[in-house]
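Chemist: Below is the structure I would like to discuss, written out as structure tokens.
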Amino acid sequence: MSAAHDSALATASGRLRTPLCDLLGSRYPIVQTAMGWVARPELVAAACNAGAFGFLAAATLRAAEVGPAIQRVRELTDRPFGVNFHMFQPGAAQIVETILAEKVQAVSFGRGPDKATVKRFRDAGIVCIPTVGAVKHAQKMVAIGVDALTIQGGEGGGHTGSVATSILLPQVLDAVKVPVVAAGGFSDGRGLAAALAYGAVGMAMGTRFLMTRDCPVPEITKARYVQAGLEDIVLTTRLDGLQHRLIRNEILGKFEQAGPARLLWSALHNAWQLKRRTGAGFGELLQAARAMQREGGLTFGQALMAANSPVFLNRSMIEGHPAEGVLSTGLVAGVLGDLPSCAELVERIVLEAEQRLAALAAGHYGTHYE
Ligand SMILES: Cc1cc2nc3c(=O)[nH]c(=O)nc-3n(C[C@H](O)[C@H](O)[C@H](O)COP(=O)(O)O)c2cc1C
Numbered sequence: 001m002s003a004a005h006d007s008a009l010a011t012a013s014g015r016l017r018t019p020l021c022d023l024l025g026s027r028y029p030i031v032q033t034a035m036g037w038v039a040r041p042e043l044v045a046a047a048c049n050a051g052a053f054g055f056l057a058a059a060t061l062r063a064a065e066v067g068p069a070i071q072r073v074r075e076l077t078d079r080p081f082g083v084n085f086h087m088f089q090p091g092a093a094q095i096v097e098t099i100l101a102e103k104v105q106a107v108s109f110g111r112g113p114d115k116a117t118v119k120r121f122r123d124a125g126i127v128c129i130p131t132v133g134a135v136k137h138a139q140k141m142v143a144i145g146v147d148a149l150t151i152q153g154g155e156g157g158g159h160t161g162s163v164a165t166s167i168l169l170p171q172v173l174d175a176v177k178v179p180v181v182a183a184g185g186f187s188d189g190r191g192l193a194a195a196l197a198y199g200a201v202g203m204a205m206g207t208r209f210l211m212t213r214d215c216p217v218p219e220i221t222k223a224r225y226v227q228a229g230l231e232d233i234v235l236t237t238r239l240d241g242l243q244h245r246l247i248r249n250e251i252l253g254k255f256e257q258a259g260p261a262r263l264l265w266s267a268l269h270n271a272w273q274l275k276r277r278t279g280a281g282f283g284e285l286l287q288a289a290r291a292m293q294r295e296g297g298l299t300f301g302q303a304l305m306a307a308n309s310p311v312f313l314n315r316s317m318i319e320g321h322p323a324e325g326v327l328s329t330g331l332v333a334g335v336l337g338d339l340p341s342c343a344e345l346v347e348r349i350v351l352e353a354e355q356r357l358a359a360l361a362a363g364h365y366g367t368h369y370e
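So the sequence shown is numbered by our numbering: it starts at 1 and just counts up by one.
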């Protein structure tokens with residue numbers, strides 16, 4: 001690297017130091033979000049070592065696996081990082097205790113803990129930063145005392161809402177008085193500059209970090225993401241009853257054609273698989289389904305189908321069978337065609353964001369005009 005390049009990066013790191021860097025202890029205001037079976041210790045550590053802030057995905061781990069996974073991240077990086085989980089997963093109470101005992105920097109969650117649990121995290125110095133997809137959820141999370149929020153616009157990956165980032169972000173910024181991180185569709189430095197211009201304190205990305213060389217997902221599965229165009233990415237409720245953004249593949253085709261009996265069989269089969277993997281009893285799974293119905297506003301059918309996602313994600317992300325598993329994705333995969341390392345990715349984002357911010361500050365608008 002040239003001296004000019006190094007000095008550009010150093011300047012960038014100064015200009016891009018936002019309150020998010022102070023809250024999370026990261027060098028840049030860039031977050032690698034949690035992704036089930038994807039955000040494993042290798043990816044989290046690589047993201048953190050590159051200057052971003054990584055979240056370990058614990059929502060797909062057994063309670064007993066969370067502590068060792070945290071230890072593994074610590075072997076690979078000395079940077080702070082966070083853990084993502086949700087309160088309806090089997091063993092959630094034990095996971096809360098593990099996170100408290102390990103004193104990680106931050107927790108994120110979608111379907112979240114109650115006020116008392118948030119207070120326990122905060123009293124232990126652990127930053128609470130849930131992800132929300134609607135303004136009313138943002139207000140609810142602020143009311144239970146979280147430190148900051150990540151908003152995920154509809155173009156984002158995995159389970160996702162319908163409101164686009166460009167609409168949800170200003171709406172939430174107007175409605176709450178905590179720092180907000182923007183997610184859903186981001187992949188580059190222009191996105192980071194735009195998020196900051198809106199008033200966010202940083203940018204979070206899932207799909208872009210999945211599509212890196214450091215991500216431990218099998219190459220055959222990552223190749224599907226590289227190949228996918230925008231027309232290959234669909235939003236469906238067929239898989240688990242919730243709105244889920246996926247790359248169209250062989251198994252989704254089968255789900256779309258399946259009748260109710262086939263869908264019921266799949267849901268029960270996957271609940272059985274999940275029971276075996278998590279070691280949860282039927283009582284515990286039923287309790288989790290009831291809680292999802294009650295608190296998550298799901299129908300019984302949706303709660304029953306909830307096991308489909310983690311089981312099929314495992315098939316693609318761990319076992320390396322992209323045709324037989326789920327390829328959860330953000331829309332942005334349709335325009336990305338490379339697999340940089342996390343270090344290369346973060347570096348180019350930082351340089352580009354700095355360029356855009358500097359150009360705007362100097363009154364230079366547009367990118368292609370003289
Ligand atoms: C493969 C995949 C798995 C995901 N799993 C989770 C998860 O376990 N928990 C969670 O809170 N969000 C999950 N998400 C959502 C991401 O954390 C993040 O909010 C989203 O990907 C942001 O949008 P982007 O992909 O456009 O960057 C997942 C997303 C993807 C692509």
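Glycine included, each C-beta is placed from N, C-alpha and C at the ideal position.
(1) Can you tell me which of the three DSSP states ILE233 falls into?
(2) Would you kindly check if the distance between the Cβ of ALA59 and the Cβ of VAL66 is under 7 angstroms?
(3) Do GLY161 and GLY206 have their C-beta atoms within less than 7 angstroms of each other?
(4) Please report the straight-line C-alpha distance between GLY110 and ALA138, rounded to a whole angstrom.
(5) Looking only at DSSP bridge pairs, what is VAL180 linked to?
(6) In terms of residues, what are the limits of the alpha helix (DSSP H) holding HIS137?
(7) Out of ARG190, VAL135 and LYS103, which one is the CA nearest neighbour of CYS128?
(8) Identify, in the order they occur along the chain, each residue of the same chain with its Cβ nearer than 8 angstroms to the Cβ of MET141, setting aside the five sequence neighbours on each side.
(9) Just reading off the alpha helix (DSSP H) that ALA204 is part of, what are its end residues?
(10) Within 10 angstroms of the Cβ of ASP214, are there 16 or more other Cβ atoms? Answer buried if so, exposed if not.
(11) Whose CA, out of PRO310, MET317, HIS244 and VAL226, lies closest to the CA of GLY337?
(12) Bridge partners of VAL83, per DSSP?
(13) Helix or strand or just coil, what does DSSP make of ARG348?
(14) Using 6 angstroms as the cut-off, classify the Cβ of ASN84 as near or not near the heavy atoms of ligand 1, replying yes or no.
(15) Looking at the secondary structure, which residues open and close the alpha helix (DSSP H) in which ARG40 lies?
(16) Does the pairing of the segment 216-225 with the segment 30-47 give three or more beta-carbon distances under 8 angstroms?
(17) Under 7 angstroms between the Cβ atoms of SER328 and LEU246?
(18) With DSSP run on the structure shown, which of helix, strand or coil describes THR165?
(19) Nearest to GLY154 by alpha carbon, out of VAL31, PHE88 and LEU168?
(20) In three-state terms, what does DSSP make of ILE318?
(21) Around the Cβ of GLU354, are there at least 16 other Cβ atoms within 10 angstroms (buried) or fewer (exposed)?
(22) Leaving out five residues before and five after VAL73 in sequence, what residues of the same chain have Cβ atoms less than 7 angstroms from its Cβ?
(23) Just to confirm before moving on: does the CB-CB distance between VAL163 and LEU173 stay below 7 angstroms?
(24) What residues are listed by DSSP as bridge partners for ILE30?
(25) What are the boundary residues of the beta strand (DSSP E) that LEU246 is part of?
(26) What does HIS159 pair with, by DSSP beta-bridge criteria?
(27) Grab me the residues of ALA175's own chain with a C-beta within less than 7 angstroms of its C-beta, minus the 5 sequence neighbours each way, in chain order.
Modeler: Based on what the coordinates show:
(1) Mapped onto the sequence shown, residue 233 falls at position 233. DSSP places ILE233 in strand when its eight states are reduced to three.
(2) Taking the first residue of the sequence shown as position 1, residue 66 is located at position 66. Taking the first residue of the sequence shown as position 1, residue 59 is located at position 59. Against a cut-off of 7 angstroms, the Cβ pair of ALA59 and VAL66 comes out as no contact.
(3) Numbered from 1 along the sequence shown, position 161 holds the residue referred to as residue 161. Numbered from 1 along the sequence shown, position 206 holds the residue referred to as residue 206. No; because the gap between Cβ atoms is not below 7 angstroms, this pair is not in contact.
(4) Taking the sequence shown and counting its residues from 1, one reaches residue 110 at position 110. Taking the sequence shown and counting its residues from 1, one reaches residue 138 at position 138. When only Cα atoms are considered, GLY110 and ALA138 end up about 11 angstroms apart.
(5) As a working mapping, residue 180 is identified with position 180 in the sequence shown. Beta bridge pairing from DSSP links VAL180 with LEU149.
(6) To locate residue 137, count along the sequence shown from 1; it is residue 137. Looking at the DSSP string, the run of the alpha helix (DSSP H) that includes HIS137 is 135-143.
(7) Taking the sequence shown and counting its residues from 1, the one referred to as residue 128 is at position 128. CYS128 has its Cα closest to that of LYS103, out of ARG190, VAL135 and LYS103.
(8) The count along the sequence shown starts at 1 and reaches residue 141 at position 141. So the list reads GLY112, PRO130, VAL132 and LEU149, once near-sequence residues are dropped.
(9) Within the sequence shown, the letter at position 204 stands for residue 204. For ALA204, there is no enclosing alpha helix (DSSP H); the enclosing beta strand (DSSP E) has its first and last residue at 202-205.
(10) Numbered from 1 along the sequence shown, position 214 holds the residue referred to as residue 214. Buried is the call here.
(11) Start at 1 with the first residue of the sequence shown, and residue 337 comes out as number 337. The shortest Cα separation from GLY337 among PRO310, MET317, HIS244 and VAL226 belongs to VAL226.
(12) Locating residue 83 in the sequence shown gives position 83, counting from the first residue. In the DSSP output, where bridge partners are listed per residue, VAL83 has LEU56 and VAL107.
(13) Here residue 348 corresponds to residue number 348 of the sequence shown, with the count starting at 1. The answer is helix: DSSP assigns ARG348 an H, G or I state.
(14) The sequence position of residue 84 within the sequence shown is 84, counting from 1. With a cutoff of 6 angstroms, ASN84 counts as near ligand 1, since its C-beta is closer than that to a heavy atom of the ligand.
(15) Walking along the sequence shown from the start, residue 40 turns up at place 40. That residue, ARG40, is in no alpha helix (DSSP H); it is neither H nor E in DSSP.
(16) Under the 8 angstroms Cβ criterion, the segment 216-225 counts as touching the segment 30-47, having at least three qualifying pairs.
(17) Counting from one through the sequence shown, the residue named residue 328 turns up at place 328. Counting from one through the sequence shown, the residue named residue 246 turns up at place 246. One thing to note: SER328 has its Cβ within 7 angstroms of the Cβ of LEU246.
(18) Taking the first residue of the sequence shown as 1, we reach residue 165 at position 165. When DSSP states are grouped into helix, strand and coil, THR165 belongs to the helix group.
(19) Taking the sequence shown and counting its residues from 1, one reaches residue 154 at position 154. Per the Cα distances, LEU168.
(20) If you number the sequence shown from 1, residue 318 lands on position 318. Correct three-state label for ILE318: coil.
(21) For this step, residue 354 is matched to residue 354 along the sequence shown. With 16 or more other Cβ atoms from the protein chains shown falling within 10 Å of its own Cβ, GLU354 counts as buried.
(22) Indexing the sequence shown from 1 puts residue 73 at position 73. Closer than 7 angstroms at Cβ, skipping near neighbours: PRO41, VAL44, ALA45, LEU56 and PHE81.
(23) Position 163 of the sequence shown, counting from 1, holds the residue named residue 163. Position 173 of the sequence shown, counting from 1, holds the residue named residue 173. Judged by beta-carbon spacing, LEU173 lies beyond the 7 angstroms limit of VAL163, meaning their Cβ atoms are not closer than that value.
(24) Numbered from 1 along the sequence shown, position 30 holds the residue referred to as residue 30. Paired residue(s): MET203.
(25) Here residue 246 refers to the residue found at position 246 when the sequence shown is read from its first residue. Taken as a continuous stretch (DSSP letters only), the beta strand (DSSP E) holding LEU246 covers 244-247.
(26) On the sequence shown, position 159 is the one that residue 159 refers to. In the DSSP output, where bridge partners are listed per residue, HIS159 has HIS244.
(27) The sequence position of residue 175 within the sequence shown is 175, counting from 1. VAL135, ALA138 and GLN139.
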